[in-house]
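In my numbering, the protein residues as written are 931 to 1091.
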């Protein structure tokens, strides 16, 4: 094809994948950095106040662990409609709520609010706080603990190249 697509051709291609309005859903992601209140350091995976302890603590709210090589690397939970939310562990220990596909932004507000209350309850017990930013304002990459996730080993080897 040598000619650019027309506006109508683009609209037609997109319309083929469109769902009926009553099936529309919206989901949200909420990422946060964990830090120790004592000196603001980013917690390691292990230890009594580490990321693993944080993940384990959240299981009391119905989150189920997802394991890789006997390490908890994520959590999952179904809501009352059977839709699944997850909490994933990012490379430097960040937590990311990947919300369920919900009907309204009000549903998302409720889901995210519940998640933040649960995170705060566990974090307070461990002497941790969380900061919802897109970057870490204090620590360089070489100062951030590495999480035990297989794909992050691959990324760490590849990224410097």
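Built from N, CA and C at the ideal position, the CB exists for glycine as well. All values reported here derive from a predicted model rather than from experimental measurement.
Please classify residue i: is it buried, with 16 or more other beta-carbons within 10 angstroms of its beta-carbon, or exposed?
i            : result
residue 982  : buried
residue 948  : exposed
residue 1049 : buried
residue 1027 : buried
residue 1004 : buried
residue 1017 : buried
Taking 8 Å as the cut-off, decide whether the C-beta atoms of residue i and residue j are in contact.
i            : j            : result
residue 962  : residue 1024 : yes
residue 984  : residue 1061 : no
residue 1006 : residue 990  : no
residue 972  : residue 1022 : yes
residue 1013 : residue 956  : no
residue 966  : residue 1068 : no
residue 872  : residue 1047 : Only positions 931 to 1091 of the chain appear in this structure, which leaves residue 872 out of reach.
The beta strand (DSSP E) with residue i in it runs from where to where?
i            : result
residue 997  : 994 to 998
residue 937  : Premise fails: residue 937 lies in the alpha helix (DSSP H), 937 to 945, not in any beta strand (DSSP E).
residue 991  : Counting along the chain, residue 991 falls outside any beta strand (DSSP E), and DSSP gives it neither H nor E.
residue 956  : Segment: none, residue 956 is in no beta strand (DSSP E) and carries neither H nor E.
residue 1005 : 1001 to 1008
Please report the straight-line C-alpha distance between residue i and residue j, rounded to a whole angstrom.
i            : j            : result
residue 1035 : residue 932  : 42 Å
residue 1010 : residue 1030 : 11 Å
residue 970  : residue 953  : 44 Å
residue 964  : residue 951  : 38 Å
What first and last residue would you give for the alpha helix (DSSP H) that runs through residue i?
i           : result
residue 984 : 981 to 988
**OP:** Only counting runs of 4 or more residues, tell me where the alpha helix (DSSP H) segments fall wholly within the region 1010 to 1089, in order along the chain.
**Re:** Segments of the alpha helix (DSSP H) lying fully in the region 1010 to 1089: 1035 to 1056, 1080 to 1088.
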